[in-house]
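Just so you know, the numbering used here puts 1015 at position 23 of the sequence shown, and the rest follows in order with no gaps.
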Amino acid sequence: MVLVHGNPETEAIWDDLVPHLSDQKIIRLSPPGFGSALPPGFDCSVDAYRNWLVGELGNLAQPIDLVGHDWGGGHVMRIAMDYPGLIRSWAVDILGAFHPDYVWHDLAQAWQTPQVGEQAVAQMASMPAEALARRYESLGMTAAIARKVAAGANGEMGRAILALYRSAAQPIMRDLGTGLPRAAAKPGLALIATEDHYCGGQTLARRCAERAGAKVAILEGAGHWWMCQQPKQGADAINSFLAKLN
993 MVLVHGNPET EAIWDDLVPH LSDQKIIRLS PPGFGSALPP GFDCSVDAYR NWLVGELGNL
1053 AQPIDLVGHD WGGGHVMRIA MDYPGLIRSW AVDILGAFHP DYVWHDLAQA WQTPQVGEQA
1113 VAQMASMPAE ALARRYESLG MTAAIARKVA AGANGEMGRA ILALYRSAAQ PIMRDLGTGL
1173 PRAAAKPGLA LIATEDHYCG GQTLARRCAE RAGAKVAILE GAGHWWMCQQ PKQGADAINS
1233 FLAKLN
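Right, here's the structure in full:
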């Protein structure tokens, strides 16, 4: 199993989920700028991250069950749509963001705005780690995970955030969503945390899951960081999905 996290995160977000997963042959991949260094010439666009993940998966043994959270889920969907031969299955929590009616959340729109975005990421990078950790904890991470994630915030992450979100400003996500039916080539799972307000909500996620031929698992009462808030329930949903493939 391969886990891919998103923004503004490091692989630490998976710490509480991993012990509950049935498959313990787990690899955590950190997208460039988000817990790993930016390679020279890497432009941090949506296509650059897709191509990065293609390269990483090509170096791993098959079969691969690919799980993505937040932007990690966005990168996973690009694989499911464009390179399904690289994976056995996929699971993501961001499907609603590919719906034609999806509107980027306020912070994303700030990052997509010249000068405003630069100010926002500069503020994040300059915030003391303890204060940033408290903020992440208030949003749903555990204290231990929040401290680890906050320690990974730096100028490189800020540059990656701006470039990634600006490369995905509408109508780009809407256009990418036209490829959802191609993701049905491999078994898929849409994880829907009912209190996650960044990804478009249940209705859009369900509609996209239907277009992608995906099963749906509802994490009732969980927010964006469901793997911190409900690690066992999240793992149970993934385990149940994968058990049917074995």
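We put the CB at the ideal spot given by N, CA and C, even for glycine.
Whole angstroms is fine: what's the gap from residue i's alpha carbon to residue j's?
{"i": "Gln1221", "j": "Leu1181", "result": "19 Å"}
{"i": "Phe1026", "j": "Lys1236", "result": "32 Å"}
{"i": "Ala1029", "j": "Asp1167", "result": "29 Å"}
{"i": "Asp1098", "j": "Arg1199", "result": "23 Å"}
{"i": "Ala1117", "j": "Asn999", "result": "14 Å"}
{"i": "Arg1151", "j": "Gln1107", "result": "13 Å"}
{"i": "Leu1124", "j": "Ala1138", "result": "8 Å"}
{"i": "Glu1187", "j": "Gly1215", "result": "4 Å"}
{"i": "Gln1104", "j": "Ala1161", "result": "7 Å"}
{"i": "His1012", "j": "Asp1057", "result": "16 Å"}
{"i": "Ala1072", "j": "Ala1121", "result": "36 Å"}
{"i": "Ala1114", "j": "Gly1147", "result": "7 Å"}
{"i": "Gly1109", "j": "Ser1130", "result": "22 Å"}
{"i": "Leu1154", "j": "Trp1096", "result": "14 Å"}
{"i": "Asn1231", "j": "Ala1004", "result": "20 Å"}
{"i": "Leu1196", "j": "Asp1074", "result": "21 Å"}
Once DSSP output is grouped into helix, strand and coil, what is the label at residue i?
{"i": "Ile1018", "result": "coil"}
{"i": "Ser1037", "result": "coil"}
{"i": "Pro1173", "result": "helix"}
{"i": "Trp1096", "result": "coil"}
{"i": "Asp1085", "result": "coil"}
{"i": "Asp1057", "result": "strand"}
{"i": "Lys1236", "result": "coil"}
{"i": "Ala1072", "result": "helix"}
{"i": "Lys1207", "result": "strand"}
{"i": "Ile1184", "result": "strand"}
Give me, in chain order, the residues of the same chain whose beta-carbon lies closer than 7 Å to that of residue i; leave out the 5 immediate sequence neighbours on both sides.
{"i": "Leu1009", "result": "Met1219, Pro1223, Gly1226, Ala1227"}
{"i": "Met1069", "result": "Val1084, Phe1090, Ala1175"}
{"i": "Glu1048", "result": "Leu1021"}
{"i": "Ala1100", "result": "Tyr1157"}
{"i": "Gly1192", "result": "Gly1088, Ala1089, His1091, Tyr1094"}
{"i": "His1067", "result": "Val996, Pro1023, Tyr1041, Arg1042, Leu1045, Gly1060"}
{"i": "Thr1134", "result": "Asp1008, Cys1220"}
{"i": "Met1149", "result": "Pro1000, Gly1025, Phe1026"}
Just to confirm my understanding: we take residue i, look at its own chain, exclude 5 residues before and 5 after, and list those with CB closer than 6 Å. What are they?
{"i": "Pro1076", "result": "Ala1177, Lys1178"}
{"i": "Ile1210", "result": "Ile1184"}
{"i": "Gly1205", "result": "Ala1176"}
{"i": "Gly1065", "result": "Val1084, Asp1085, Ile1086"}
{"i": "Trp1063", "result": "Gly998, Asn999"}
{"i": "Pro1055", "result": "Arg1080"}
Excluding the 5 residues flanking residue i on each side, which residues of the same chain have their C-beta closer than 8 Å to its C-beta?
{"i": "Phe1233", "result": "Ser1081, Ala1083, Pro1179, Leu1181, Lys1207, Ala1209"}
Say whether the segment 1128-1143 touches the segment 1166-1184, bearing in mind that this needs 3 or more beta-carbon pairs closer than 8 Å, one atom from each stretch.
Using a Cβ-Cβ distance cut-off of 8 Å, the segment 1128-1143 and the segment 1166-1184 are not in contact, since fewer than three pairs of beta carbons, one from each stretch, lie closer than that value.
Which ranges would you report for the alpha helix (DSSP H) in the segment 1120-1162 if only whole runs of at least 4 residues count?
Under the rule that a run must span 4 or more residues, the alpha helix (DSSP H) segments found entirely inside the segment 1120-1162 read 1121-1131, 1135-1143, 1147-1159.
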